[in-house]
Amino acid sequence: MSGRKLPRLILVEPNGARREIALAQTPFSIGRRPDSDLPLRDNRISRQHALIRAENGRYLIEDCHSRYGTFVNGERVEAGRELRNSDCIEFGIPDSYALIFVSEEESLQALLNRVDTPASPDTISRELRNLSLFLEVGRSLHAGLALENVLATVVDACLNVTGTERGFLLLRNDQGQLELQVGRDRNQRALARDALDLNHAAIRQALEQAQDVIVTHTRAEAPRGAVAPALPTVICLPLQRSRAVGSLASTVPGTARDVLGVLYLDSYQLPRPISKTERQIMRLLALEAASVVENARLFMAARAKERLDQELAIARAIQQGLLPRGPQQYDFFQMACLNIPCSEVGGDYYDLIALPERRLALVIADVSGKGISAAFLSASLQGALAAGLAWDQPMAAVTSHLNRYLYQHTELSTFATFFCGVLSPDGRFEYVNAGHCPALWLTAERIEMLPAKNVPLGLLEQSEYAATEIQLRPQDVLVLYTDGVVEASNPLGEFYGVERLKKVLSACRAGSAERLAEAVFEDMREFTQNTLPADDVSLLIARYEGSP
294 MSGRKLPRLI LVEPNGARRE IALAQTPFSI GRRPDSDLPL RDNRISRQHA
344 LIRAENGRYL IEDCHSRYGT FVNGERVEAG RELRNSDCIE FGIPDSYALI
394 FVSEEESLQA LLNRVDTPAS PDTISRELRN LSLFLEVGRS LHAGLALENV
444 LATVVDACLN VTGTERGFLL LRNDQGQLEL QVGRDRNQRA LARDALDLNH
494 AAIRQALEQA QDVIVTHTRA EAPRGAVAPA LPTVICLPLQ RSRAVGSLAS
544 TVPGTARDVL GVLYLDSYQL PRPISKTERQ IMRLLALEAA SVVENARLFM
594 AARAKERLDQ ELAIARAIQQ GLLPRGPQQY DFFQMACLNI PCSEVGGDYY
644 DLIALPERRL ALVIADVSGK GISAAFLSAS LQGALAAGLA WDQPMAAVTS
694 HLNRYLYQHT ELSTFATFFC GVLSPDGRFE YVNAGHCPAL WLTAERIEML
744 PAKNVPLGLL EQSEYAATEI QLRPQDVLVL YTDGVVEASN PLGEFYGVER
794 LKKVLSACRA GSAERLAEAV FEDMREFTQN TLPADDVSLL IARYEGSP
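Below is the structure:
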């Protein structure tokens, strides 16, 4: 063989780079072992994967019981197979190494100009048709069709590209479980949902590893640890949402949390291996389908939020309509009030209820929790209190009734702090404080606190409540508030506090009820530096003018 070039291999690396390797000696070992004649650094390739040996002037390749097999021109090698010029050798896994066998008669330059596998006119025609199909499907995906129609289009296209018999698209629901969205056969007929026989091991693997699982009767193309399917051909692709990297969308494979569902295809008879172009088209279709699904879900979430915002706006209007308007002037006292919910609706409640003999009940309460549930409960409490006071029962008895009502109609974790006092024209003020913030009683000489002497409503069914009575003089002021006032915080995390509230009230003590409320509001806004409140803020101020 002197004067003639030895047979050689063209190694095509995963990144497309190529280099020439001479078959200077045989047997020639190929595998992951470092001492192989051709070591390949891919963990999916077996340590001793394949062997090339010379026999009677011929070169034969045989598989060494590798995990994924050895293939020549797409056909699996079992025993020794003779290598011919331009044969393509692969190792049963996608996007890995490939070898092109070059006999001494073929020029190297001609081979370097070839694609990875020799393409026949039929192959070129099929790939062009598939690319045309992909472009057509891409246009339909964004044509405004219903989501189910879009997903059916994707499944039909993948069946057409691969030649498989059945296709399914499954999406995760809110609980993370897969639900069938589309089931089709190659004739675009819907498949019955109760007649599904899928390879659940392949689906689980695609979901958990966020990787393609492709296993056919001619080659195995799956990550390490794949399980053999019951069907000869199974293709399972995860539908992954694009991950944002800065302001750019990334298509880098994500984690299992990024997987919205799977695109599943199977067949009992696949006439040929799946080409790289077909795999790429399926992956692009899966990515486009995931994008459409994600956009549809974001749209539905936006619509749901819009409906919720409308409902909250209605609830807020109703709640605000139940609160007294301020400031107000009565024949023997004046009142001003302030309410700032931390969300659309809140759990704070205050009221002014007219009673027989020109008496008036001043009420403030704070229901545990926030949002709609707290607002509904505060409205319920308001109605029950108004009904109880209408019976002209003593304050202690009315409060005990409210406690039993709240205990029997709410969950164990629900309670309400509550302050209610009845002001008579002669200045008598009888009140019950059930676990609420101490009310402030401003006189000409001092500020006195009216602390809680009873437990909040709704905690214990048989709680007994005691009332306390004080005597107001003309120009005395009562200040009722919720903890959202004293626990309002500034950017440093410091609380507004009772002492600061007292200081503001003392400075404006001679002003009207409206002036006092405005002073507290302005001071709170300055203290918090206009930050949004973390809790509902309610304030009720009443100045006793004396009996006319």
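Counted the way my numbering counts, the sequence shown spans residues 294 to 841. Every residue gets a Cβ at the ideal spot worked out from N, C-alpha and C, and that includes glycine.
Contact set for residue i: own chain, Cβ-Cβ below 8 Å, skip 5 residues either direction
i	result
S706	S661
Q764	G720, R721, F722
G373	R346, E348, L353, I354, E355
F625	R651, P718, Y837, E838, G839, S840, P841
P744	N726, P731
R407	Low per-residue confidence applies at R407: pLDDT is 39, beneath 50, and the placement is therefore not dependable, though the value from the model is reported in the following sentence. Result list for R407: S379, I393, in chain order.
E754	N696, R697, Y700, Q701
Residue i and residue j closer than 8 Å at C-beta
i	j	result
V552	A589	no
L674	L695	yes
L833	L735	no
A737	F711	no
G714	Y698	no
N632	S782	no
T457	T526	yes
F321	L344	yes
L794	V813	yes
A806	Q686	no
Y390	L316	no
H342	G324	yes
L363	I382	Contrary to the premise, residue 363 reads as Thr rather than Leu in this sequence. Yes, the pair counts as a contact, with Cβ atoms nearer than the cut-off.
A835	L655	yes
L464	E472	yes
Simplified DSSP state of residue i, which is helix, strand or coil
i	result
N726	strand
R836	strand
V813	helix
C713	strand
Q402	Annotation note: pLDDT 42 at Q402 (below 50); position unreliable, coordinate value reported separately. In the structure shown, Q402 sits in a helix (DSSP, three-state: H, G or I).
Q533	strand
P414	In this predicted model, P414 has a pLDDT of only 41, less than 50, meaning its place in the structure is not dependable enough to derive any value.
V586	helix
D644	strand
C381	strand
Y352	strand
R312	strand
L299	coil
D829	coil
N632	strand
R818	helix
D719	coil
L577	helix
Option nearest residue i by Cα separation, candidates the options
i	options	result
A658	L580, L735, G751, A579	G751
I646	A679, Y698, L631, N378	A679
P531	L578, R340, P634	L578
L653	A499, M688, E458, V586	M688
Q481	R497, L452, Q498, Q768	L452
G790	T775, L655, R802, G804	T775
P307	R369, E371, D388	D388
D490	Q701, P634, R739, Y557	Y557
A629	E811, T363, Y390	E811
G460	G469, V448, G777, R334	V448
D478	V656, R334, L462, P332	L462
P826	P749, V778, G324	V778
V894	I574, Q498, L563	Given that the chain is displayed from residue 294 to residue 841, the structure contains no residue 894 and the question cannot be resolved.
A594	E581, D467, A760, T761	D467
Residues near residue i by beta carbon distance below 6 Å, same chain, minus five either side
i	result
E375	R351, L353
D816	V797
Y642	A658, S671, Q675
R651	P718
V538	Any reading at V538 needs caution, since the residue's pLDDT is 34, under 50, leaving its predicted position unreliable; the model's value is listed next. Taken in chain order, the list of residues that qualify is empty.
R360	S339
L440	A589
P634	D829
A310	none
Close-in-space but distant-in-sequence residues of the same chain around residue i (CB under 7 Å, 5 per side omitted)
i	result
P784	Q822, T824
S396	P300, N378
H358	none
E757	S693
Distance cut-off 7 Å: residue i Cβ against heavy atoms of the ligand MN
i	result
L674	Absence of the ligand MN is noted for the structure shown, with no ligands found whatsoever.
CB contact check: residue i to chain C, cutoff 8 Å
i	result
G367	The question asks about chain C, but that chain is absent: this structure has only one protein chain.
- Message: Extract the residue ranges of the alpha helix (DSSP H) inside the stretch 744–808, only unbroken runs of 4 or more that lie entirely within it.
- Response: As far as the stretch 744–808 is concerned, its whole alpha helix (DSSP H) runs of at least 4 residues are 776–779, 791–800.
- Where in the stretch 441–480 do unbroken runs of the beta strand (DSSP E), each at least 3 residues long, occur, reported from the N-terminal end onward? Counting whole runs of 3 or more residues, the stretch 441–480 contains the beta strand (DSSP E) stretches 459–465, 471–478.
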